[in-house]
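First comes the structure, then the notes that go with it.
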Amino acid sequence: MENINFFLPEIFLTLAILATLMIGVFFKNSYNLVTKIIYGILVALILIILNSYNESFKLFSDSFISNSFTNFFKILILTGTFFVLIITQNFIKDKKINNFEYPLVLLLSVLGMFIMISANDLILFYLGLELQSLALYILASLDRDNLKSNESGLKYFILSALASGLLLYGCSLLYGFSGSTNFEIIGLKANTENLGSIFAMVFILVGLAFKVSAVPFHMWTPDVYEGSPSSVTSFFAVVPKVAGIAVFIRYMQIPFGQLVDHWQTILIFISLASMILGAVAAIGQTNIKRLIAYSSIGHIGYALAGISTNTASGYSSSIVYISIYVVMNLGIFACIFLMKRDGKYCENINDLSGISKHHPILSISLLIILFSLAGVPPLAGFFAKFYIFMSVIENGMYTLAIIGLLSTVISAFYYLRIIKIIYFDDANKQFDQIKNLGISTTLLLSSLILVTFFAYPSFLNSIVKTLIIN
Amino acid sequence: MNFPILSSITLLPILGAVFILIFNNKKSESKNAIYVSLFTSTVNLFLAIFLWNVFDLSSAEFQFVEEKNWINGYIKFKFGIDGISILFIVLTAFITPICIISCINSVKKRLKEFLIAILILESFMIGVFCSLDLVIFYLFFEAGLIPMFLIIGIWGGPKRVYAAFKFFLFTLLGSVLMLVAIISIYWITGTTDVTQILEIKIPAEFQYILWLAFFSSFAVKMPMWPVHTWLPDAHVEAPTAGSVILAAILLKMAGYGFLRFSIGMFPIASEYFTPLIFTLSIIAIIYTSLVALVQEDMKKLIAYSSVAHMGFVTLGIFTFTKQGIEGSIFQMLSHGLISAALFLCVGVLYDRTQSRLISSYGGIVNILPKYSLVFAIFMLGALGLPGTSGFVGEILILLGAFQKSFLVAIIASIGIILGAAYMLWLYKRVIFGKLEKKELTKLKDLNLSEGLILFLLAGLTLFFGFYPNLILDTIHVSVDKLINDYQMNLILNTIK
């Protein structure tokens, strides 16, 4: 029973959620209190995980795995959630959706992600995935009186349920053809001669691609991003993507390790399609949340390109990419929560027109973040892409590299368009002054990381290199 | 000498920019910004001249080399200069303070931000010329786009948005292919360190495609026909200081890139593609000169003349003769001075009348004698009159071209005649003739800061026209080494 230590984060998280739920129910107007407790929980969890960071262990007859790889991703998820909670606080209060359920449901989905990442067994994996998704459905329709929010929640639920169904079908096929639900045993049995497992692999890939919103399973993304309250969108855009990439890497490595030839082609296609669609479709957007939705589709394309190489350097470049992506997206959402005029939050890109005059700091941070998203050196976004293409070209996948880089040029266009609106256009009315330490710290931190990354660009690589996947 | 002088020269302007950004006093904001930026850029100029002074002219090796671990296990941060790059560093350090002085009068809004952008741009430009690692080079080469995009877009003319986007996207499109090539080189040779790649020698079968990838980037930046169309737009819309930097330094990065990377790393491909370069250069020289003849906007005319002059530069580089390459380097530096000065001259008139059209002037020699004098010197320099620095570059390039191909040299010489035609005609229409427009009579002649800059530039134009050895002595050894290595490579390849 000593090994239960390695399951401690999940146990702690579950108990903490239940306890906080009680507090939330028994105290009136308990949003503030619950949020504060949850900050504490998140920090405590990070410490717990750091405590046994480097030890690898398998529990519950090999169905649960805990090692530096899962721990790295768990910390990334926790940090992402922490900052999302910080930057959304003001927004939630202004929109009057500051129920104590909001942070708690966030935590529930984090618990789902934890289990999903650590699962070494199909059943456990599916349980984690569904826990995460159910929490996300609730979050999408959190703004109950808003038609769009309801619509996006329903839309997300139906499409996601369909994807889960396909994934589950894949899981059952996999079990049928390999005789086990354990990842490692499946990995031994699922080879190219086992036709059923190839089918299963395709179904599972569909489900996973849906969760990270890769083309052609991306349709829900723009609508859900636009419809859900911005606070939830910021969570959608950051945290589930991290978990999705982690699961992708684990699946490709362990159960499908022998099916490389088959999934590689599929992943290359998915990643190319995501890059191109993300770049082209975002050009016409006027709503900044929709634009971020398409841009995140594009970014997932780059992260998947790294995975599709199936080399250690490729996997680590994807992990670096998704980490930098988290920093950039937290920054840009912090900016969105500062776009408030006459008590209303603006979502239209044209509302940013000429803000550089009145809000020099906000606009210079946006400038840095947008150029970084576009992948212009010397900002961090460039290095993220650089590592991806280093490993892609190492494996001789020149078509992927060239098309990928050309689509960065296309996507540069719409990032530049926002910069143009901010800096070149005539000034609009000022935004309201929002004095919130959390938002400004997040913004400052993220732009600072993006600017100074070039001084020591192998910082993330050296951490990622030590991760052990299985 | 252990002091990292190259990094200091590169970083100093950024430090100045940060200083302006952090320490601001609302009352005298722009004044402080001017003093700080002028101070940092002048210090940088002195550092650069000092560097030129202590530079060992007799050695063809890279000097002041700095090496640091950068991306663990992959890429080293490497700086170093030879006889070619030192001159471009001095040029950059020299042009920047001139820009800063010139924009005191002409930039009316957001002066502080403008100066910050100029200083950051200076850092990136110097970084390009210092770097001895392909990735570092790419980093600085691309990073320069950000401040230039903002300079054109925020402080530019009425069509500034179109011009800024065109500039950014054209250059980025060319450069991403270079990035693919750089990464490929890393996987072929195992390093991106330029000095090592020069020794290792890239296999011939890869050279052609890699050369084309680099070419796509440099051709856009140079700019060569037919991808030159962003340049006139960018020049016309950019504020004066932006045009000056664009013409004087940014365009030179491509020429420098051809010399340092294309010829050095891909000698076989360079030889193979020489006819392509010659054709494009000839078309650039003749075609853009003809286009320049019909321009009505002074800035556009000078922009097209820049394309023609850059045509001479590529022509000279790909003759692979000592005269041709030295001529090209000289031509780049002299064009850096003369085109900068010409844009400043246009800026002087524009500040006074808000018009760049040739037709809105005429006969201003009567009221602006000093201005007409300096303009004459630069105009004659641009058309390559003996005694100005423009002549030295062109004659050397033609000497090189004649050794390579008689036909090419003849056609290029026609380009010089066309150059004289559009320049003299421009001068005639703007400066000479009767002073008929009443609003022109109130114009004031050069003020102190304008006079200082323009006479300094005029003096240098004449000085290098009479004493080109100051520059040529610096580059002799490095160019010799470049040509020797190139020929050795070709011989080795034929033996194989």
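Taken in order, these protein sequences are the chains called A and B. Counting in the numbering used here, the first sequence runs from 1 upward without gaps. Counting in the numbering used here, the second sequence runs from 1 upward without gaps. Just so you know, even glycine gets a beta-carbon here, dropped at the ideal spot from N, CA and C. None of these values were measured; they are calculated from a predicted model.
- Message: Using a 10 Å radius around the Cβ and a threshold of 16 neighbouring Cβ atoms, would you call B/Y35 buried or exposed?
- Response: exposed
- Query: Roughly how many angstroms separate the alpha carbons of B/T388 and A/V392, rounded to a whole number?
  - Reply: 51 Å
- Task: Can you say whether B/L276 is buried or exposed, counting buried as having 16 or more other CB atoms within 10 angstroms of its CB?
- Result: exposed
- Delimiting residues of the alpha helix (DSSP H) encompassing B/G316: 298-317
- Residue interval of the beta strand (DSSP E) (run including A/K58): 57-59
- Item | Contacts that A/E394 makes with chain B (C-beta to C-beta distance below 7 Å) | W187
- Query: Given A/Y137, which residues of its chain have a CB within under 8 Å of its CB, disregarding the five upstream and five downstream residues?
  - Reply: G153, Y156, F157, S160
- Message: Please list the terminal residues of the continuous alpha helix (DSSP H) segment that includes A/F157.
- Response: 147-178
- Item | Those residues which DSSP pairs with B/I71 across a bridge | B/I75
- Task: Could you tell me the boundaries of the alpha helix (DSSP H) in which B/S478 lies?
- Result: 469-495
- DSSP three-state assignment for B/G80, whether helix, strand or coil: strand
- Task: Using a Cβ cut-off of 8 Å (strictly closer), state whether B/A17 contacts chain A.
- Result: no
- Quick one, which residues of the stretch 157-177 of chain B are near chain D if we go by CB-CB under 8 Å, in chain order? The question asks about chain D, but that chain is absent: this structure's protein chains are A and B.
- Query: Of the residues B/F141, B/P232, B/I151, B/L87, which one's Cα is nearest the Cα of B/K109?
  - Reply: B/I151
- Query: Does any CB atom of chain B fall closer than 8 Å to the CB of A/F125?
  - Reply: no
- Can you list the residues of chain B that A/M503 reaches, using a CB-CB cut of under 7 Å? Residue 503 of chain A is absent from the model: chain A starts at 1 and stops at 470.
- Taking 8 Å as the cut-off, decide whether the C-beta atoms of A/I419 and A/L367 are in contact. yes
- Nearest CA to the CA of A/F210: which residue from A/V238, A/L166, A/G187, A/Y251? A/L166
- Between which two residues does the beta strand (DSSP E) harbouring B/F168 extend? From DSSP, B/F168 is part of no beta strand (DSSP E) but of the alpha helix (DSSP H) over 160-189.
- Run down chain B in chain order and give the residues with a C-beta less than 7 Å from the C-beta of A/A305. Those do not exist, as A/A305 stays about 13 Å from chain B at its closest Cβ, beyond 7 Å.
- Query: Hey, does B/I146 have any beta-carbon neighbour from chain A nearer than 8 Å?
  - Reply: yes
- Task: Specify, as a first and last residue, the run of the alpha helix (DSSP H) that A/F82 falls within.
- Result: 68-94
- Task: Would you list, in chain order, the members of the stretch 49-70 of chain B that have their beta-carbon closer than 9 Å to a beta-carbon of chain A?
- Result: N69, W70
- Closest Cβ-Cβ distance between A/I268 and chain B: below 8 Å? no
- Task: Over the uninterrupted alpha helix (DSSP H) stretch that includes A/V242, give me the two end residues.
- Result: 230-253
- Within 8 Å, strictly: CB atoms of A/S485 and A/V327: Chain A is shown from 1 up to 470; residue 485 of chain A falls before or after that span and cannot be answered.
- Item | Residue from A/L448, A/Y302, A/V247, A/I283 whose Cα sits closest to the Cα of A/S274 | A/Y302
- Consult DSSP for A/F431 and reduce its assignment to one of helix, strand or coil. coil
- Task: Just the chain B side, please: which residues come within less than 7 Å of A/T408 by C-beta, in chain order?
- Result: V176
- Message: Quick check on B/E271 - is its C-beta less than 8 Å from some C-beta in chain A?
- Response: no
- Beta carbon of B/T307 nearer than 8 Å to that of B/P203: What sits at residue 307 of chain B in the sequence shown is Val, not Thr. For B/V307 and B/P203, no; Cβs fall outside 8 Å.
- Can you list, in chain order, the residues of its chain whose CB lies under 6 Å from that of B/I302, leaving out five sequence neighbours each side? L342
- What first and last residue would you give for the alpha helix (DSSP H) that runs through A/E347? First-last for A/E347: undefined, no H or E at that position.
- How would you list, in chain order, the residues of chain A whose beta-carbon sits under 7 Å from the beta-carbon of B/L150? Y423
- Among B/G153, B/Y422, B/K166, which has the Cα closest to the Cα of B/L296? Residue 296 of chain B is actually Glu in this sequence, not Leu. Measuring from the Cα of B/E296, the nearest candidate turns out to be B/Y422.
- Query: Does the Cβ of B/T494 have 16 or more other Cβ atoms within 10 Å, making it buried, or fewer, making it exposed?
  - Reply: exposed
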